[in-house]
Amino acid sequence: MTFASLGLAAPLLQALETLGYKTPTPIQLQAIPAVLAGRDLMAAAQTGTGKTAGFALPVLQRLSEGEKAASNSIRALVLVPTRELAEQVQASFRQYGEHLPVSTYATYGGVSINPQMMRLRRGVDILVATPGRLLDLFRQNAIKFKQVETLILDEADRMLDLGFAQELATVFAALPKQRQTLLFSATFSDEIRSMAKARLHDPLSIEISPRNSTVKAIKQWVVPVDKKRKPELFLKMLKDRRWGQVLVFVKTRKGVDELVSQLLAKKIKADAIHGDKPQPARLRALESFKAGEIQILVATDVAARGLDIDDLPQVVNFDLPIVAEDYIHRIGRTGRAGATGEAISLVCADEAPLLAAIETLTKQTLSRDEEPGFEPDHRVPMTNGAGQLVKKPKKPKVPGGRAAKNLPSNWEGFDGAPAKPARRSAAKATNSAGGKAPGTSRGR
Ligand code: AMP
Numbered sequence: 036m037t038f039a040s041l042g043l044a045a046p047l048l049q050a051l052e053t054l055g056y057k058t059p060t061p062i063q064l065q066a067i068p069a070v071l072a073g074r075d076l077m078a079a080a081q082t083g084t085g086k087t088a089g090f091a092l093p094v095l096q097r098l099s100e101g102e103k104a105a106s107n108s109i110r111a112l113v114l115v116p117t118r119e120l121a122e123q124v125q126a127s128f129r130q131y132g133e134h135l136p137v138s139t140y141a142t143y144g145g146v147s148i149n150p151q152m153m154r155l156r157r158g159v160d161i162l163v164a165t166p167g168r169l170l171d172l173f174r175q176n177a178i179k180f181k182q183v184e185t186l187i188l189d190e191a192d193r194m195l196d197l198g199f200a201q202e203l204a205t206v207f208a209a210l211p212k213q214r215q216t217l218l219f220s221a222t223f224s225d226e227i228r229s230m231a232k233a234r235l236h237d238p239l240s241i242e243i244s245p246r247n248s249t250v251k252a253i254k255q256w257v258v259p260v261d262k263k264r265k266p267e268l269f270l271k272m273l274k275d276r277r278w279g280q281v282l283v284f285v286k287t288r289k290g291v292d293e294l295v296s297q298l299l300a301k302k303i304k305a306d307a308i309h310g311d312k313p314q315p316a317r318l319r320a321l322e323s324f325k326a327g328e329i330q331i332l333v334a335t336d337v338a339a340r341g342l343d344i345d346d347l348p349q350v351v352n353f354d355l356p357i358v359a360e361d362y363i364h365r366i367g368r369t370g371r372a373g374a375t376g377e378a379i380s381l382v383c384a385d386e387a388p389l390l391a392a393i394e395t396l397t398k399q400t401l402s403r404d405e406e407p408g409f410e411p412d413h414r415v416p417m418t419n420g421a422g423q424l425v426k427k428p429k430k431p432k433v434p435g436g437r438a439a440k441n442l443p444s445n446w447e448g449f450d451g452a453p454a455k456p457a458r459r460s461a462a463k464a465t466n467s468a469g470g471k472a473p474g475t476s477r478g479r
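Our numbering applies: residue 36 is where the sequence shown begins, and numbers increase by one.
Following this line, the structure appears as structure tokens:
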């Protein structure tokens, strides 16, 4: 199957040739003809499947016909959860639409609104936006929705995770009822399904990879290690294994900054992406990483989700994510388009419940491979293959009892570790990691 046989026009085929896309990916095979025919779409697809081209190509083709956008008007609206994704999706539209007279633009928060208002005055055919800034612009009359023909929700699950449900409802209410709607989501919760039911018209349903599965081409393993030795272990693995560029995920913004400082102190080129950094600095870090000018990009989950970074051989989970689904999004940055990749998680004892949750979600037991010289004093409890921590037959009495209320009652903390000090630090660390509501300590 070729792109031409899907019905794409010559200017788009020319752009694809320049980009070296030879054959459509499975999601493109299904989505392109359906979107060209004007159908609504509900697609379960993760980053790395080629979903962006799956919607961008047919939308560009449809918009290349018809009237241009009037002043302050837009014809297609792409809603995305993060600023980085907005830039990235807009860049894809620009590349694919290079030979078409279709204008594209991205608006997001964290930067001045005035230039965005100025640009919108001329009208924009395809606007990529984060929901908050879009509504600011709408309320200030900088955007009119009357001309909108197509709405695309990219990473809809993430938008809901980030608390954009109210903004989405407001946007839905303001858009013309007669329109094409394309909904993309890595996972389909009940909330997403009911949104689709209410807002989509007879959608074509596409499921590209099984729900909550991880991509097979990625070799994943866990390196058990004591928490305080993680930086040292990371540096050793980086050196011994001669890793090139690595994307490293850290749980908190502070943790990101600390690791970057440690890397820079060792003269390793590193930079950070997290929600406290101003937008230009985040984009700069991403661009220099893509250009190969920095070796290590350290990121929080929210900042990094959906980032299109090609051919990344290694992704390192310096900390495990608090929300298990983020594990899938993180490791999706490697092993793309059939290439093999490695996802390595440095796991300390108090992260065992997070590891168990990931194993349950991804229906696998991750293999463990201790690094010589870094065997942890505080052992990481084993999981039982069903994502649960293995019960120990007898629990020795420890003064003070079970310290962390959110640990399972059968959880020993560490297999065979000296009970008292180990239990204390596990309880403390688990409280800070696992005791919060999902999302409260994420990077944005
Ligand atoms: P996405 O899932 O949209 O984030 O795309 C993942 C990566 O695959 C991007 O770097 C795209 O440029 C690339 N890509 C998308 N479609 C194709 C294709 N048909 N052939 C080769 N690369 C592609």
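For each residue, glycine too, the CB sits at the ideal point set by N, CA and C.
Quantities reported herein were computed from a predicted structural model and do not represent experimental measurements.
Check                                                                                                                                                                          : Outcome
CA-CA distance, Lys181 and Val206?                                                                                                                                             : 12 Å
With distances taken Cα to Cα, identify the nearest neighbour of His134 among Trp278, Leu299 and Leu48.                                                                        : Leu48
Tell me, please, which residues DSSP counts as bridged to Glu403.                                                                                                              : Per the sequence presented here, residue 403 reads as Arg, with Glu not at that position. Partner(s): Val257.
How would you label Met36, buried or exposed, when you count the other beta carbons within 10 angstroms and need 16 or more for buried?                                        : exposed
Is Val94 helix, strand or coil by DSSP?                                                                                                                                        : helix
Run the proximity test for Thr369: is its beta-carbon closer than 6 Å to any non-hydrogen atom belonging to the ligand AMP?                                                    : no
Please give the ranges of any beta strand (DSSP E) in the region 115 to 179, keeping only runs that are unbroken, at least 3 residues long and fully inside the region.        : 139 to 142 and 159 to 164
For Thr375, is the classification buried or exposed, using 16 other Cβ atoms within 10 angstroms of its Cβ as the cut-off for buried?                                          : exposed
Could you tell me if the beta carbon of Thr222 falls within a distance shorter than 6 Å of some heavy atom in the ligand AMP?                                                  : no
If you run the structure through DSSP and keep just helix, strand and coil, what is Gly290?                                                                                    : helix
Leaving aside the five residues before and after Glu394 along the sequence, list all residues of the same chain whose C-beta is less than 7 Å from its C-beta, in chain order. : Thr400, Leu401, Thr418 and Gly422
With C-beta atoms as the reference, is Arg110 less than 7 Å away from Ala104?                                                                                                  : yes
Report the partner residues of Val70 according to the DSSP bridge assignment.                                                                                                  : In DSSP, Val70 forms no bridge with anything.
Buried or exposed: which applies to Leu54, given that a residue is buried once 16 or more other Cβ atoms fall within 10 Å of its Cβ?                                           : exposed
Using DSSP's beta-bridge definition, name the partner residues of Val206.                                                                                                      : Partner(s): none; Val206 has no beta bridge.
Using the Cα positions of Leu299 and Glu293, report the straight-line distance between them to the nearest angstrom.                                                           : 10 Å
Rounded to the nearest angstrom, what separates Asp404 and Thr222 at their Cα positions?                                                                                       : 30 Å
My assumption, with CB atoms under 8 Å, is that Ile67 sits in contact with Thr84. Please give the rounded CB distance.                                                         : 13 Å between Cβ atoms; not a contact.
For Val94, which residues from the same chain have a beta carbon less than 6 Å from its beta carbon, with the 5 sequence-adjacent residues on both sides left out?             : Ala111 and Thr185
Assuming Leu218 and Pro116 make a contact with CB atoms under 8 Å, what is their CB distance in whole Å?                                                                       : Not quite, the Cβ-Cβ distance comes to about 13 Å (not below 8 Å), so this is no contact.
When you measure from the CB of Thr165 to every non-hydrogen atom of the ligand AMP, does any distance come out below 6 Å?                                                     : no
Provide the residue(s) that pair with Asn352 in DSSP beta bridges, ordered along the chain.                                                                                    : Phe284 and Ser380
What are the uninterrupted segments assigned as beta strand (DSSP E) that are 3 or more residues long and contained completely in the region 293 to 319, given in chain order? : 305 to 308
Beta-carbon separation of Ile366 and Val350 under 7 Å?                                                                                                                         : yes
Can you round the beta-carbon distance between His364 and Thr335 to whole angstroms, since I take them to be within the 8 Å contact cut?                                       : Their Cβ separation, rounded to whole angstroms, is 12 Å, which puts His364 and Thr335 out of contact at 8 Å.
Spatial neighbours of Arg154 within its chain, please: C-beta separation below 8 Å, excluding the five flanking residues on both sides.                                        : Tyr140
Select from Glu102, Met230 and Ala164 the residue whose C-alpha is nearest the C-alpha of Ala126.                                                                              : Ala164
If contacts are defined as beta-carbon pairs under 8 Å, then Asn107 and Lys212 qualify, I think. What distance do you get, rounded to the angstrom?                            : Going by Cβ atoms, the distance from Asn107 to Lys212 rounds to 21 Å, so no, they are not a contact pair.
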